[in-house]
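Undergrad: Protein chains in written order, with the numbering used here: chain W, 1033 to 1127; chain L, 527 to 1507; chain P, 50 to 465; chain F, 1233 to 1418. In this text, a Cβ means the ideal position worked out from N, Cα and C, and glycines have one as well. From a predicted model like this one, the values you see are computed outputs, not experimental measurements.
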Amino acid sequence: MIINHPLLGPRDAAEFTYLGDASMIDRPDWQAEDAAEAFYDYAYLRDNLAGEHRELWYHEAGDRSWLVVTRDTTTHEISKVELARDVARARGRSK
Amino acid sequence: MTQSNRLSGGQIDRNTTVNFRFDNRSYTAHPGDTLASALLANDVRLIGRSFKYHRPRGLLTAGSEEPNGIVELRTGARKEPNTRATTIEMFDGLEATSQNRWPSLKFDALGVNDLFSNFLSAGFYYKTFMWPAAFWEKVYEPIIRRAAGLGSLSMEDDPDEYDKGFRHCDLLIIGAGPSGLMAALTAGRAGADVILADEDFQFGGRLNSETLSVGDQNASDWAAQAVAELSSIPNVRLMPRTTVIGAFDHGIYGAVERTGDHLPSLPAGKPRQILWRIYTKKALLCAGATERPIAFENNDRPGVMMASALRTYANRFAVTASSRVAIFTNNDDGHRTAADLHAKGVHICAVVDVREDAPVNYDYEVLSGAKVIDTKGRLGLTFVEVALPDGSTRTLDCGALGVSGGWNPNVHLTCHQRGRPVWNEALAAFVPGSNLPVGLTVAGAANGRMSTFGALQSGAEGAAAALDLKGAPPKLPEAEDAPVAQKPFWYVEGCKRAWVDQQNDVTVKDVKLSYQEGFRSVEHLKRYTTLGMATDQGKTSNITGLAIMAEVAGKSIPETGTTIFRPPYTPVPISTFAGRMKGQEFHPTRLTPSHHWAKERGAVFVEAGNWLRAQWFPLPGETHWRESVDREVRQTRASVGVCDCTTLGKIDVQGTDAAEFLNRVYANGFAKLAVGKTRYGLMLREDGMVMDDGTAARMAEDHFVVTTTTANAVSVYRHMEFVRQCLFPDMDVQLISTTDSWAQYAVAGPNSRKLLQKIVDPEFDISNEAFPFMACGNITVCGGLRARLFRISFSGELAFEIAVPARYGDALMRRLMSEGEEFDVVPYGTEALGVMRIEKGHAAGNELNGTTTALNLGMGKMVSKKKDSIGSILSEREALVEPDVLRLVGLKPVSPEDKITPGGHLMNAAGPVDAANDQGYATSAAYSPILNSNIGLALLKDGANRLGEKMRLVSPLTDLTVEVEIVSAHFVDPEGERLRA
Amino acid sequence: MRYSGFRVIKEALTGHKGWKPVWRDPQPKAHYDIIVIGGGGHGLATAHYLSKVYGQRNVAVVEKGWIGGGNVGRNTTIVRSNYMLDGNEPFYEFSMKLWEGLEQDLNYNAMMSQRGILNLFHSDAQRDAYTRRGNAMILHGADAELLDADQVRKEHPYLNFDDARFPIKGGLVQRRAGTARHDAVAWGFARSADSHGVDIIQNCEVTGLRIENGKCLGVETSKGFIGANKVGCAVAGNSGRVMGMAGMRLPIESHVLQAFVSEGLKPVLPSVITFGAGHFYVSQSDKGGLVFGGDIDGYNTYAQRGNLPVVEDVCEGGIALMPMIGRARLLRMWGGVMDMSMDGSPIIDRTPVEGLYFNGGWCYGGFKATPASGHCFAHLLAKDEPHPVATAYRLDRFRTGRLIDEKGVGNQPNLH
Amino acid sequence: MHDLIAITALGGTTPRVDTVAGVTCTENPAVALASVAARLGQEAKAQKALAKLIDASAPDVGQHAGGTIAAFWSTPDQWMIEAPFESHEDLADQVNSAMGDSASVTEQTDAWTRFDLTGDPLASVLELLCILDLRKISAGSVACCSIHHVGCFVLCRSPEEFSIYGPRSSAGSLHHAIVTAMRSAL
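#1: Work out the CA separation of F1091(L) and R944(L) for me, nearest whole Å.
#2: Let's see if you can read the secondary structure: which residues bound the alpha helix (DSSP H) around F774(L)?
#3: Is the shortest distance between the beta-carbon of Y1131(W) and the beta-carbons of chain L less than 8 Å?
#4: Any beta carbon from chain P within less than 8 Å of M527(L)'s own beta carbon?
#5: With contact counted as at least three CB pairs below 8 Å, one residue from each stretch, are the segment 153 to 161 of chain P and the segment 232 to 248 of chain P in contact?
#6: Output the distance between the C-alpha atoms of G932(L) and G730(L), rounded to the nearest integer angstrom.
#7: Hey, is H788(L)'s beta-carbon within less than 8 Å of any beta-carbon in chain F?
#8: Distance check for L733(L) and G970(L), CA to CA, integer angstroms please.
#9: Based on the DSSP output, what are the partners of W1142(L) in its beta bridges?
#10: Are the beta-carbon atoms belonging to Q307(P) and G384(P) less than 8 Å from one another?
#11: Helix or strand or just coil, what does DSSP make of Y1041(L)?
#12: May I ask you to list the residues that DSSP assigns as paired with E194(P)?
#13: Can you tell me whether V1382(F) is buried or exposed, with buried defined as 16 or more other CB within 10 angstroms of its CB?
#14: Does DSSP put T1256(F) in a helix, a strand or coil?
#15: Counting only beta-carbon atoms, is R298(P) nearer than 8 Å to chain W?
#16: Could you have a look at T505(L) and say whether DSSP puts it in helix, strand or coil?
#17: When DSSP labels each residue in this structure, what does Y406(P) get in the three-state scheme?
#18: If we count the other Cβ atoms within 10 Å of its Cβ and call it buried at 16 or more, is A1464(L) buried or exposed?
#19: Run through DSSP, which three-state label would D1292(F) get?
#20: When DSSP labels each residue in this structure, what does T978(L) get in the three-state scheme?
#21: Residues of the segment 1065 to 1099 of chain W in Cβ contact with chain F at a cutoff of 7 Å, in chain order, please.
#22: Return the CA-CA distance between I58(P) and T1033(L), expressed in angstroms with no decimal places.
#23: If the cut is a Cβ gap below 8 Å, which residues of chain L does I322(P) touch?
#24: Which residues of the segment 1034 to 1067 of chain W have a Cβ closer than 9 Å to any Cβ of chain F? Give them in chain order.
#25: What's the gap between the Cα of G814(L) and the Cα of N973(L)?
#26: Pop quiz: L1285(F) and V1327(F) are said to be a contact at Cβ under 8 Å. What is the actual Cβ separation, rounded to whole angstroms?
#27: Give the interface partners of M1107(L) over in chain F, defined as CB-CB distance under 8 Å, in chain order.
#28: According to the Cβ coordinates, are R225(P) and Q163(P) closer than 8 Å?
#29: What are the uninterrupted segments assigned as alpha helix (DSSP H) that are 4 or more residues long and contained completely in the segment 530 to 571 of chain L, given in chain order?
#30: Give me the Cα-Cα distance between I1057(W) and L155(P), rounded to the nearest whole angstrom.
#31: For the segment 1364 to 1378 of chain F, which residues have a CB atom closer than 8 Å to at least one CB atom of chain W, in sequence order?
#32: Quick one: what's got a C-beta closer than 7 Å to L756(L)'s C-beta in the same chain, skipping five residues either side?
#33: With H, G and I counted as helix, E and B as strand and the rest as coil, what does DSSP make of L1115(W)?
#34: Put E1508(L) into one of helix, strand or coil per three-state DSSP.
#35: With distances taken Cα to Cα, identify the nearest neighbour of Q1028(L) among G574(L), L636(L), A564(L), F546(L).
#36: For Q353(P), return the contacting residues in chain L, with the cut-off set at a CB-CB distance below 8 Å.
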């Protein structure tokens, strides 16, 4: 597969390490009432979509950027690639 | 042996004669031949035996679709089983042997299978060999296994080298026949980066096999001229002998270039084959078409061949399979073969055409509305039995029969991403469907454009469309453009054994039986009868099998289904996929800065991930590794030892939020760590299990040097980048690995300070007061070399870790050894390191096994609840905090000489020994020369409350039971006085 | 129809006219006691045990394509019970015993071949882990042997001992392990279930689950609604899709595992072998092909195909371990969609939806589990309580922390 | 001055040189390296300081620039600084003072080993080593890639001169890969 790195352009997916569903960016609040349940859900449950899937890839043999790749799990077609850091900020993550 | 079947003309080099051997007989051939054409030239028709019934088989085709003519090529370690004679380029000294026969090709004992074939019908083995139960394993299966298989491996290591390479292009053109050449000319002239690949050693495809003309030239001359022009275009790369084996995601194609298979032997350093990963913007499939057979009684005898193959052999290789040839066809193409052979002086016994309205010919007899109903000849064709329309029969005396059932487009690559071809009624064949790999289009016969002109035209159009070329299309040469309509004719009714898959011995009857037993989907048909599962992957049989299934099902072919193809297009040596990554080069090797020195010292090395580390340093006279290791431990604990710990991962963590960042990735706190101090850090995964441990040294307010275990250096770095970029993107933290930058040595033992004081520059005070336990700092050594000093201890002794730039590591180690002589300094390896950490009760790899929590390892209290750190929440789950969870303990055998077996299970002192009573397991073990006893670490249910308990450590696997006492894991200096000294 | 050698001879002499379809091709009834979704190995095995052992006759298996077309028809056919953890080993040993009697139970020769499996180790730490595992196997009543390097060399002289980047230090052997003819397993279970009255309905895709007031009433299919008292889902890689119809999110990701077969060769490999320092395992089929595989591609996918880097990775492992297979040719590659769970172990359990049961999370260990999975799922469906050897396969274990993590890589499915 | 003698990554006291046909591979230890990572919110300031240091604007993605002291882009807001070892063994300190508090600086001199490939045709050697689209690589560009499973930086100084940086500990394996490819391709 080819991942079109937002900075480096097209790179072979073999240079990347896969983590999984981009929802892993949305780490729950450790002080919330239901933290235990929220962390269980966060760590273990997946939509596992057949179709468009947002997922985390790490450019291990490259620039060490974490990317959020939007890829169709039935065709492998990639429709969007973003820097995970930007996505994280957009989802309200900070420090 | 003379080449009795050689004709005039052809594209072989008659000026050169080469010698080759088949089944230990010598023959001659010419450059430009394949093994197949050379064997035919020498009137060798019997080449192999079929898989199941061991029937005599000869060549069926002239290409890579060949099911029958497969041999063992070369000898010794270079023997290649199952090699298609039709694709072996002739070279001087070539040696080939027939296979899957015993004792000889002419007389094959297992030929008796053929007599019992009626009992060995499709799937028979599923229905029998069941009684008595034990017999399957002991009797039936061994026999089946010996009979099965085709060629044999040499059982020697493959001596050749293989490369991998990477190429990029705008347009990859797959196949260099008329459409491929025309496409390449169009794209190349337009300035595009083009790669033109073809599996053949000679470009031209069918053009080399035909007597047609292109423009005012003979077809093969036009091809040669096109190749000449293409090789003059710098942006066109020609790759002959290169098979594009697969279409993978996003325009990546796998291609195998056979750089050395046509050479008698490989030049030094040169690869036999290269696996290319070709990155394309667009690709154009010009793979042509494959002629399909007609099934009839005994259609598998040596001499029964595809009509187009006979034509290829005659026109390209100047060879005929026999001086007397008959043709069996359902279309005009078969007549073309007759005409070409006749023109070359071969006697055409007759053309048997199933069509009532077959074209008439005055040079030879044409039998219209006739069918071949049987053939004769045990090891080679002698007679052909023909049924005429009037019901009478005719016997033709001929040595070869050319069969033509029409043509199937080579759609294989269009299916590699599970796209399905569609049925074309006019062609009565499958053509590429709509669901192609992205960026791939198809031209020429592969796309159903069967005429020469159609191929040239669609090649040009295909290239222009793929590259979105503007302007007028190139002028095309004139060429044959006969309309092609194929009326399907799959098999001759009423025959007993008509072969569909000739290699796997699947007959028309087998297909019908498959239907009868309910195996009606195409996949069931293939799996039940093994149709199309042979080394040719059914290139000449799948469609016929499917058509027969459709007929018995009374459905149309598209209703019945399609068969799709998987990579690789043709089989590829496993070595080719491995390339250079083999033997010692299987993985990169990482060497420590003291490696060359350690080698001089005769160290024994051990793999630690990709690293090689000194395991121990034997001295002359030491015969057992234990002697060396015990000595290294004793000397270190008694005076001072040095160990290369460069392999530990080192990560530079800087930024104003560095401390808070570490607070999140470590379970214990780092915010309050003072500058100049180091702290042990425990890292959890989000699921609460221990991920790694190490130290973080605060070199400055905003600068930490973090260490990881050797094994987890890469994954911890990745994890920290994840936390930095994905979880806390607004933290001011910068990370970079410095593992390789610094040569880092542990200097341990009561005299470690004294030794270091001799090399650390005087302006740096490393006394206990100035540089206490867990201190760290930048210093200089040996007169001004920048270095880092950490007062940390893995051994439990007074110890330091000193780091210098890696290029000086070798010199520093030598210096430590020379300066340390007065203290009797000893270098120690990973074994002694392991012994001392076990004596000290430090958890390491065997304990950090990914299923242990901080609580399990006796560090539960380190997990701070006052802050947000990864893993702290899930580490609290009910099952992870139950009272009897595993706890890290020490094991001491009641009799000190009893060995502790890591992986042994703990059982109560009394009671049954079984899984139900399992109490835990031993993780690590060592002999402690300090305690003069074997010792070990274990994870034991409720272990913290069972100190002093006697238990049994059982290892039925190694037949050991040892009585042990549960003790604290801290065997040596539990109070830690030594390391604070 | 009973199969036997005599039957084969009789049919041969009478032109094979007597062979009947191996299973019927029925139209779905309006309602069944139990519907099993998925006509793969596990679904068909479930149907077999439901009908033969648990006396359930009003059962249907609905399959969207043709039976045996999923992972049971596209795996590397390895059968073993060499697990380490208490949650797993009893289940897989139970499965092994079922395999050992399968031909007789099914009257169908699935060619179970107990030629043994050898797991090689290349470091002391690996040896220790295998020792722990081998001891666990024996303590659970299975068989295991630990070989040192010399013993391995004696049995497998062709392995790379002299030029290895990661030298072989020994191996863990289970002699009772082996391989079976994967397609025949599906067909054998189907034939038996069919003969006990189970309706096997092919080309019948489940498009929805009808759930009212928290109870599952049946399945919507491409052939219409089919009612049921109980619905069991055994769809492996499609677990996410089907359970998604019930609004459930699972601790499972779908990944592709590629497998490979070489051209047919005369016998070279006496047993199943796994490489401990790379991603490679291999056995040789009765037909002579080397059947091998390695690691999953590593990204979520429902496409039954993989990519080149993993093909290369697997072959690199193969050549590093046994350079003598280098000139054998890779004939065919394919992919199966694996239901990779969050701790690498399966789930056989009820769900929050009454009447809806789930069987999945087999990762790439599903084939060897086929009989036990079917048996235990049938037990759960018939008796509404877990079979004794499958009590650990609970859906809530990720919440409670009662994980069954053989590899110790945690909640990252593509590492299991 | 200290009295410890350095060895090269390949373990020699002098750099290793291999020539096959027209192509030469030279081990080059005579380079000092330091990484510069801009502090959060100070990216602009860091770029300015870097530009001043290398006397050229801070290299963009996939580029290298500069003179005696040069820099190449390594990761977002991070660069690697190159300078002659003889004159700049203490490069990290020099860079540190030049960057002030705008960036985090880390010594990288011995984290890497460098091989310089010179001659013609380099493309036929490099295409056996790395995935890079050599048609797109021109003088001044740099790319990260993996060579036989070793993560490297590949710098194109001119079509006839490339530098390959790989991890120092893997120098032997990387060197073997390069020389093997030279023998195979040339």
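TA: With the given structure in hand:
#1: 8 Å
#2: First-last for F774(L): 768 to 774, but that is the beta strand (DSSP E), not the alpha helix (DSSP H).
#3: Any answer about residue 1131(W) is impossible in this case: the structure gives chain W only from 1033 up to 1127.
#4: Interpretation of M527(L) is limited by its pLDDT of 48, a score under 50 that renders its predicted location unreliable; no figure is taken from the coordinates.
#5: yes
#6: 21 Å
#7: no
#8: 13 Å
#9: V1130(L)
#10: yes
#11: helix
#12: V222(P)
#13: buried
#14: strand
#15: yes
#16: What is shown of chain L runs 527 to 1507, which leaves residue 505(L) out entirely.
#17: strand
#18: buried
#19: coil
#20: helix
#21: A1093, G1094, D1095, R1096, S1097
#22: 19 Å
#23: None at all; the shortest Cβ gap to chain L is about 14 Å.
#24: L1039, L1040, G1041, P1042, R1043, D1044, A1046, E1047
#25: 8 Å
#26: 7 Å
#27: H1380, H1381
#28: yes
#29: 561 to 567
#30: 50 Å
#31: A1375, C1376, C1377, S1378
#32: A710, L711, G714, L722, V762, L764
#33: strand
#34: The question about residue 1508(L) has no answer, for chain L in this structure spans 527 to 1507.
#35: G574(L)
#36: R944
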